[in-house]
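Worksheet: one structure, shown below.
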Amino acid sequence: MTTIDTPTRKSGWRAWLTSDSPASRTHARCVQLYLGWLDLSRNPLAMIGLAIVVALVLVSAMAPILATHDPFAQVLSDRLLSPGEGGHLLGTDELGRDIFSRVIHGASITLYIVALVAATAPIAGLIVGTVAGYLGGWADIALMRLTDIFLAFPRLVLALAFVAALGPGIENAVLAIAITSWPPYARIARAETLTIRNSDFIAATRLQGASQSRIIWGHIMPLCLSSVIIRVTLDMAGIILTAAGLGFLGLGAQPPTPEWGAMISAGRKFILDQWWVATVPGLAIFTVSLGFNLLGDGLRDVLDPRSSQ
Amino acid sequence: MATVSDDVRARRAISPFSRSFWLSLLRLLASLAVTFVGLLFITFLIGRVMPIDPVLAVVGDKASDEIYQAARLAMGLDQPLAVQFAYYLGDVVRGDLGTSLLTANPVAEDIARVFPATLELATLATIFGVLFGVPAGVIAAVNQGRWPDQVVRVFGLFGYSMPVFWLGLIGLMVFYGVLGWVAGPGRLDIFFEDVVPQVTGVILFDSLIAGEFEVFRNALGHIILPASVLGYYSLAYISRMTRSFMLDQLSQEYVTTARVKGMSELRVVWLHALGNVMVPLITVIALSYANLLEGSVLTETVFAWPGIGFYITNALLSADMSAVLGGTIVVGMVFIGLNLLSDLLYRIVDPRAR
Chain D
130 MTTIDTPTRK SGWRAWLTSD SPASRTHARC VQLYLGWLDL SRNPLAMIGL AIVVALVLVS
190 AMAPILATHD PFAQVLSDRL LSPGEGGHLL GTDELGRDIF SRVIHGASIT LYIVALVAAT
250 APIAGLIVGT VAGYLGGWAD IALMRLTDIF LAFPRLVLAL AFVAALGPGI ENAVLAIAIT
310 SWPPYARIAR AETLTIRNSD FIAATRLQGA SQSRIIWGHI MPLCLSSVII RVTLDMAGII
370 LTAAGLGFLG LGAQPPTPEW GAMISAGRKF ILDQWWVATV PGLAIFTVSL GFNLLGDGLR
430 DVLDPRSSQ
Chain B
1076 MATVSDDVRA RRAISPFSRS FWLSLLRLLA SLAVTFVGLL FITFLIGRVM PIDPVLAVVG
1136 DKASDEIYQA ARLAMGLDQP LAVQFAYYLG DVVRGDLGTS LLTANPVAED IARVFPATLE
1196 LATLATIFGV LFGVPAGVIA AVNQGRWPDQ VVRVFGLFGY SMPVFWLGLI GLMVFYGVLG
1256 WVAGPGRLDI FFEDVVPQVT GVILFDSLIA GEFEVFRNAL GHIILPASVL GYYSLAYISR
1316 MTRSFMLDQL SQEYVTTARV KGMSELRVVW LHALGNVMVP LITVIALSYA NLLEGSVLTE
1376 TVFAWPGIGF YITNALLSAD MSAVLGGTIV VGMVFIGLNL LSDLLYRIVD PRAR
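Respectively, the protein sequence lines represent chains D and B. Here this note's numbering is used: the first residue of the first sequence is 130, the next is one more, and so on. Here this note's numbering is used: the first residue of the second sequence is 1076, the next is one more, and so on.
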């Protein structure tokens, strides 16, 4: 009985997930997600990217288990050991701290920065863009001018100036990166809104007496989400690189925090003799941002086939 | 008769000096002015929100209350914010960016001194990016989906994913430390400093003008690595954009026509399709040049390259705010200028955009 039952149920799930006549809204969403997933899983590069991102999340969640040493413990007699020496997988830094453990713990800092920026900047951009696009007129002109002004700065330079004024630290670095990265989302959201705002279903909602904020929040914003999400995934790598750059310049996370950019900065002095001190955290940054780039590229191919061909 | 006047009218319409062209130019300049004032407003606010008291920075914390108040008055800090901003705006427009605490020189003078170094680096990097990025993008487009396309794509993605300062360090380690192919950090070896008189500020030119080929060789050895590292980033961007523009063109009917007429594939791709790609490509190249300003901040720090990025980061570390903000303004202005330039070039080269 059971041997017959299992395959039928499996194909039953499959049929339900690939159904072309969904019974409910949730069902339709599940079908869409499943088909998108099938598309994505056919792209090996995107799957590599996804694996890297998942690994980042797992590593940062399990950092205390994975790390072989205390990332802050200084053993001055074991300074600058080369990889493998004295039980240190990737060697030690100038204060005798285990580099492997520091890189592992750095994952959660990177994830923290990326998550904070990704949770704030796109929402700010989404609000500015949809409001500007839907209201039009002076609101549009003023908000888009503001967006253009922020776009007129190179991002890193503006973030530098902000951090210089606010003082160094992770929170200020996150704030500076968020302040400098919302404008592209506003642009995208506005462009999407302009194509939606005159559709019949918006007119119908308006005739039913929905308020402007309800139309923007409940009807326009959800439709702008997918293009903004693609852009966010593609921007993640940029956020990681900017954060690492700020850390490298001594403006992001402060010592002894095991932030990857700051670790490279510390290893810079030894690059010619003890190459691993700066190389290892750099490889970590490179791997993670490559993962986000690959995933973002794949997502764009699935969600926005026009731009990829 | 009619055809002749039509012809004249048509020619007038596409001449860059037509009325609508000037009008749109005027509109562009007006929006540019607004952007510029906005840029200054942001730097002004940054200068005001910083936790360091500008008066204390001048008089020191041992000054008596009267001196403190007098200095505060003299600096105009008792005025409303709008008035202060008006003064600030006036100063910047007259080219006064304040005095650097670090060098005790006017910031504008400092920046004029260091800027050619950045220009030299960014220009060489862009040349590198165009020379390799455009052919790579064309090859990828022609072989869409096959292995050359994948190679170019992955190589470009690597460029998007690598921290520029890290790549610079690795480059220094390999090519300077291990192989010894290039010279180390800095712009020149110490005994070549001040050998050639400064004419353009660009050492590669100055040394040639002075006929000092030893200096030229040395300068080239110093610039080649940072320029390649920086150029890799513009290569990644340019090759990706070239690929997508080329794909657009290659699916057009004129390409099919040319192929049907028996034109060689080389001519179709590199002459006809690439020729039409040149217009949007100009915009991309100008944008990538502007983006290099950003990369140059970190690259210059790694290579101790005495340009504007190095100047800004040095000022940052000693809390020299007028230098930081002055540098930010100049970089922002160059950024705006390059965007304007790409816009103008686009309008001039592509008649449809006028």
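Don't be surprised by glycine CBs; every beta carbon is placed ideally from N, CA and C.
Nearest-angstrom beta carbon gap, residue j and residue i [assumed within contact, 8 angstroms]
i: D/Leu423; j: D/Ala175; result: 6 angstroms
i: B/Ala1398; j: B/Leu1177; result: 6 angstroms
i: D/Arg284; j: D/Thr371; result: 7 angstroms
i: D/Val246; j: D/Ala288; result: Their Cβ separation, rounded to whole angstroms, is 11 angstroms, which puts D/Val246 and D/Ala288 out of contact at 8 angstroms.
i: D/Ser189; j: D/Leu240; result: 5 angstroms
i: B/Leu1115; j: B/Val1167; result: 6 angstroms
i: B/Met1248; j: D/Ile400; result: 5 angstroms
i: B/Val1424; j: B/Val1352; result: With a Cβ gap of about 12 angstroms, B/Val1424 and B/Val1352 do not count as contacting.
i: B/His1297; j: B/Arg1334; result: Actually they do not touch by this definition, with Cβ atoms about 48 angstroms apart.
Proximity of residue i and residue j at Cβ, strictly below 7 angstroms
i: B/Phe1190; j: B/Ile1313; result: no
i: D/Leu363; j: D/Gly425; result: yes
i: B/Met1316; j: B/Val1359; result: yes
i: B/Leu1325; j: B/Ala1348; result: yes
i: B/Gly1259; j: B/Tyr1307; result: no
i: D/Val406; j: D/Asp199; result: no
i: B/Ala1192; j: B/Leu1367; result: no
i: B/Met1321; j: B/Ala1187; result: no
i: D/Asp168; j: D/Val431; result: yes
i: B/Thr1374; j: B/Gly1243; result: yes
i: B/Ala1302; j: B/Leu1196; result: yes
i: B/Gly1122; j: D/Phe282; result: no
i: B/Ala1183; j: B/Leu1172; result: yes
i: B/Leu1420; j: B/Ile1357; result: yes
i: B/Phe1291; j: B/Val1377; result: no
Element boundaries [alpha helix (DSSP H), containing residue i]
i: B/Thr1178; result: From DSSP, B/Thr1178 is part of no alpha helix (DSSP H); its letter is neither H nor E.
i: B/Met1237; result: Run containing B/Met1237: none; DSSP gives neither H nor E here.
i: D/His156; result: 154-170
i: D/Thr259; result: 228-264
i: B/Glu1289; result: 1288-1325
i: D/Val183; result: 173-190
i: D/Leu289; result: 284-295
i: B/Val1249; result: That residue, B/Val1249, is in no alpha helix (DSSP H); it is neither H nor E in DSSP.
i: D/Glu300; result: 299-310
i: D/Trp346; result: Here D/Trp346 belongs to no alpha helix (DSSP H), and DSSP marks it neither H nor E.
i: B/Thr1358; result: 1349-1378
Status (buried if at least 16 other CB within 10 Å, exposed otherwise) for residue i
i: D/Met350; result: buried
i: D/Pro136; result: With a pLDDT of only 46 at D/Pro136, under the threshold of 50, the placement of this residue in the model should not be trusted; the figure read from the coordinates follows. It counts as exposed.
i: D/Leu418; result: Looking at the sequence shown, residue 418 of chain D is not Leu but Ser. Buried, since its Cβ has 16 or more Cβ neighbours within 10 Å.
i: B/Thr1118; result: buried
i: B/Asn1180; result: exposed
i: B/Thr1332; result: exposed
i: B/Leu1131; result: exposed
i: B/Gly1402; result: buried
i: B/Phe1203; result: buried
i: B/Glu1141; result: exposed
i: D/Val303; result: buried
i: B/Leu1391; result: buried
i: D/Trp142; result: exposed
i: B/Phe1288; result: exposed
i: D/Arg319; result: buried
Neighbourhood of residue i by C-beta, 8 angstroms cutoff - its chain only, sequence neighbours within 5 removed
i: B/Leu1232; result: Ala1311
i: D/Val232; result: Leu219, Pro387, Trp389, Met392, Val409, Pro410, Ala413
i: D/Tyr163; result: Leu146, Thr147
i: B/Val1330; result: Gln1324, Val1343, His1347, Ala1348
i: D/Ile359; result: Gly425, Leu428, Arg429, Leu432, Asp433
i: D/Leu295; result: Asn301, Leu304, Ala305
i: D/Ala192; result: Ile233, His234, Ala236, Ser237
Contact set for residue i: own chain, Cβ-Cβ below 7 angstroms, skip 5 residues either direction
i: D/Phe415; result: none
i: B/Gly1246; result: Leu1300, Val1304
i: D/Ile345; result: Thr259, Val260, Tyr263
i: D/Tyr314; result: Ala250, Pro251, Gly254, Leu255, Gly258, Val357, Arg360
i: B/Gly1170; result: Ala1183
Residues near residue i in its chain [Cβ-Cβ closer than 6 angstroms; skip 5 each side]
i: D/Trp389; result: Gly235, Ala373, Pro410, Ala413, Ile414
i: D/Trp311; result: Ala250, Ala253, Gly254
i: D/Trp145; result: none
i: D/Leu195; result: Ile233
i: D/His217; result: Leu210, Asp227
i: D/Leu224; result: Gln203
Beta-carbon neighbours of residue i, restricted to chain A and to distances below 9 angstroms
i: D/Val286; result: Of the protein chains in the structure, D and B, none is chain A.
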